[in-house]
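For the sequence shown, the residue numbers in the numbering used here are 6 to 133.
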Amino acid sequence: MRLLLDTHIFLWTLDDSPRLSRQARELMTAPGTECFVSAVSFWEIAIKASLRRRVFRVDAGRLVAGARAAGLRLLAFQPEHAVRVARLPAHHSDPFDRALVAQALTEPLTLLTHDAALAPYGRTVSVV
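As structure tokens, this is what we get:
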């Protein structure tokens, strides 16, 4: 399985947070699973950290090294991903989440998220 971690799942993974569900942990550690984190997540974290959002009080630069140390694969945001956003149904308005859905559809990957509002995008999203 190839999983794209949404931003909160990524942060909870690096923090070994109890908010990361048992189901998410099992999916991420299943044999043969590849876990990806998108450049979009780093962008979201950097923006929200600069706005001093409580949940995003992290050093975005240190997260890149943390992702690599955790064995996560980094996924660049490509023009094809940006173009795919335009064809998404308007189930969700958050531009970061929409970019992650577009990446998951394009690659293909399964977007692993805690955000039930993304479920209407179908099988490309796994809500845990």
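We put the CB at the ideal spot given by N, CA and C, even for glycine.
- Boundaries of the alpha helix (DSSP H) around Thr-111: 100-111.
- Within the segment 29-96, the runs of alpha helix (DSSP H) at least 4 residues long that lie entirely inside it are, in chain order, 44-55, 65-74, 84-90.
- Distance between Ala-29 and Leu-117, taken at the CA atoms: about 8 Å.
- For the options Thr-18, Leu-77, Arg-27, the alpha carbon positioned closest to that of Ser-43 is the one of Leu-77.
- Contact fails between the segment 68-83 and the segment 94-101, because fewer than three Cβ pairs, one in each stretch, are under 8 Å apart.
- About 15 Å separates the beta carbon of Ala-70 from that of Ala-51, a gap too long to meet the 8 Å contact definition.
- Shown here, Leu-123 sits in a helix according to DSSP, grouped into three states.
- Of the candidates Leu-123, Tyr-126, Asp-120, Thr-115, the residue whose Cα lies closest to the Cα of Leu-32 is Thr-115.
- C-alpha of Pro-84 to C-alpha of Arg-24: approximately 33 Å in a straight line.
- With respect to the C-alpha of Val-90, the residue from Arg-128, Ser-46, Phe-41, Leu-110 having the closest C-alpha is Leu-110.
- Under the DSSP assignment, Leu-19 falls in the alpha helix (DSSP H) whose first and last residues are 12-20.
- Annotation for Arg-62: Ala-54 place their beta carbon closer than 8 Å to its own, counting only its chain and skipping 5 residues before and after.
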